[in-house]
Amino acid sequence: MEYNPADLAALEPDQFSAATQTPLPRRELGRGVLALLVILRIYVLLAIPLVAYAFVRALLAGQS
Amino acid sequence: MLETTLASPSRPEDATREDYLRVFDRARVLRARAAGRSTRLLWLLAGPGVLVMLGENDGPSMVSYATTGATYGVGFFAPFILLTFAMAFVVQEMTVRLGVATHRGHAELIFQRFGPFWGYFAIADLAFGNLLTLVTEFIAVQAGGLFFGVPPWISVGLGVLVVFASLALRRYATWERALMVLALGNLLFIPAALLAHPDGAALARAITTWRPLPDDMGAAFVTLILATVGATVTPWMIFFQQSAVVDKGMTRADLPQGRTDTAIGASLAAIAAIATLVASAPLFAAKIDVSQFANGADFATALRPLIGTTGATLFALGIIEAGLLAAMTIATSSSYALSEVVASRHSLNLDFKHGKMFYGVAIGSTLIAAATVLIPGAPLLAMTLTVNVIATLLMAPALLFLLLLANDRFVMGDLANGWRANLAGGTIVVAISLIGALYGVITVFPSLIGK
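In structure tokens form, the structure reads like this:
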């Protein structure tokens, strides 16, 4: 494929792969947002072992 | 606003092969827009939405729909499936807006805006869920192959080769079109459903009235509710569609087409899902116990005397397609996300030299998943049933990140969520969390609401 530098105008400046290497600044997380993130993380950490328990129980039931 | 903080345009000598390939695609879009050719414009910009929705009609999803049809017939679950795809549209539309507003993938946005602590949690959820789901896609491929008498090592091996062949294209646009052709196979469930001679009036009544309701609304019913939600909205979809929108080079001007693409995908996927429900309903009428069915092929085999060999064959082919398409999209979702996290280059336009991490993740996860399926005695049935449940449980935190980013005016500008999107998104987070919590209660205290 022939690369023509003039064609680069078809891309917006922030679409170039080099432009996306510049990281965005961190945002400040308020207490409400932090609380939501923590609550849902606890939810996942509690739920996954439950699923694992149900998975093992199903396996044992299948073997018996 | 985001634009003010970004680097200035790259110099031509800084542009990469990836940039030039994207330029080539964008030039066609700009020409179509300038010529006012709206149909061609939609055709050029369609892809991420159709692929993400039909990709989510994957192996375990189709097994879930089939289990639902065989257990409860056509009733409550037909409109429920429509509702879940409406939910999926609400969620995925946000990823399109995020993609066109930021030109960055979902994983890198989470890392950059929330920091690595929360970023690693989000990626761990995704990597865990994606790997498990990828295993179930190869279970579907293996199961479909068994229906045709193909040994597992051949069907799974061929599946791996197809995934690798798609990666070898090293061109986003070609990859996307190839997968869209494959995605048409999802519609094989429609003729399979027609061969089941469904009662159109009963289907229309079910969709409009949500009846008949199941007699038994115990643990099995809640699990199927959870699995049906997990069959429609999952974390990999968020990461995949946003990255695909960015890789395709879509901009703010393309947002209407991006929304239409997502709506078309949701509609096609909902039709295919309901078709699977309808195709399996004869098993309900014949009172066949499907609780010990291991995979989609068992459904196809059981359906053969009820809907004929042609219908059963279409069903089995549909299961293979569902597994293959999802294996490609989910492996790519992992590639995008993990490469974004380590700031490695991430695009299907990369050559192998510059995309070692990107292609390595897809190749590695595909090989691990395929090898797991071939382990003698592996608990494939239990895995298939569990994966959608896990996807639903992991969806709540993934949705919270999505909502927070979609409300982040620094990155979204005027494309930030309005109150309607927040109300819909917030309702979905609460609903999914409550269903998950209910599942947890039922798992620990199964006697509470019976089987």
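First to last, the sequence lines map onto chains U and H.
For the first sequence, this note's numbering begins at -7 and goes up steadily by one.
For the second sequence, this note's numbering begins at 242 and goes up steadily by one.
The beta-carbon is built from N, C-alpha and C at its ideal position, and this holds for glycine as well.
- Assignment of alpha helix (DSSP H) within the stretch 467 to 496 of chain H, counting only whole runs of 4 or more residues, yields 476 to 489 in chain order.
- The stretch 354 to 371 of chain H and the stretch 613 to 627 of chain H do not touch, with fewer than three beta-carbon pairs separated by less than 8 Å.
- Straight-line spacing of the CA atoms in U:L16 and H:R354 works out to 7 Å.
- H:P455 sits in coil when the DSSP states are folded into three classes, being neither helix nor strand.
- F362 and D366: these are the residues of the stretch 362 to 388 of chain H whose beta carbon lies less than 8 Å from some beta carbon of chain U, given in chain order.
- Boundaries of the alpha helix (DSSP H) around H:I322: F318 to T343.
- A Cβ of chain U is located within less than 8 Å of the beta carbon of H:W359.
- When 7 Å is used as the limit between beta carbons, H:H347 is near no residue of chain U, the shortest such separation being about 13 Å.
- Under the Cβ distance rule, U:L51 counts among the residues neighbouring chain H, one pair being separated by less than 8 Å.
- When C-alpha distances from H:L524 are compared across H:A434, H:L555, H:G596 and H:A513, the shortest belongs to H:A434.
- Around the Cβ of H:H438, a 10 Å sphere holds fewer than 16 other Cβ atoms; the residue is exposed.
- Scanning U:P(-3), U:F47 and U:A50 for the CA closest to the CA of H:R258 turns up U:P(-3).
- Secondary structure at H:K528: coil, using DSSP grouped into helix, strand and coil.
- When CB distances to chain U are screened at a threshold of 9 Å, the residues of the stretch 322 to 354 of chain H falling below it are T343, H344, R345, G346, E349, L350, F352, Q353 and R354, in chain order.
- Below the 9 Å Cβ cutoff, chain U contributes A2 as neighbours of H:L271, in chain order.
- In the DSSP annotation of this structure, the continuous segment of the alpha helix (DSSP H) that includes H:Q353 starts and ends at H347 to F355.
- Taking a beta-carbon distance threshold of 8 Å, U:A39 counts as an interface residue toward chain H.
- For H:M421, the closest of H:M569, H:M636 and H:Q333 by C-alpha to C-alpha distance is H:M569.
- Taken through DSSP and simplified to helix, strand or coil, H:I616 comes out as coil.
- Per DSSP, the continuous alpha helix (DSSP H) segment holding H:D266 begins and ends at R258 to A275.
- In the structure shown, the three-state DSSP call for H:N427 is helix.
- Put simply, the CB of H:L285 is far from chain U, with every gap to its CB atoms at 8 Å or more.
- Within 7 Å of the CB of H:D649, the CB atoms of chain U belong to R19, in sequence order along the chain.
- Close to H:V652, with beta-carbon spacing below 8 Å, are these residues of chain U in chain order: L16.
- The beta carbons of H:L282 and H:R274 sit about 6 Å from each other, so the pair counts as a contact at 8 Å.
- Taking a Cβ-Cβ threshold of 8 Å, the residues of chain U close to H:R263 are L3 and Q7, in chain order.
- Per DSSP, the unbroken alpha helix (DSSP H) holding H:A445 starts and ends at G441 to T450.
- DSSP places H:K597 within a helical segment (H, G or I) once states are collapsed to three.
- One Cα belongs to H:A538, the other to U:L0, and the distance between them is close to 50 Å.
- The beta carbon of U:R33 sits closer than 8 Å to some beta carbon of chain H.
- For H:T280, the uninterrupted alpha helix (DSSP H) segment begins and ends at S279 to L286.
- With respect to the C-alpha of H:S508, the residue from H:S279, H:V315, H:F330 and H:Y261 having the closest C-alpha is H:F330.
- Around the beta carbon of H:R338, a 10 Å sphere encloses 16 or more other beta carbons of the protein chains shown; the residue is thus reported as buried.
- The beta carbon of U:L21 sits closer than 8 Å to those of L29, all from its chain and outside the five residues before and after it, given in chain order.
- Contact annotation for H:S674 against chain U: Y35 [CB-CB distance below 7 Å, chain order].
- For U:L21, there is no enclosing alpha helix (DSSP H), as DSSP marks it with neither H nor E.
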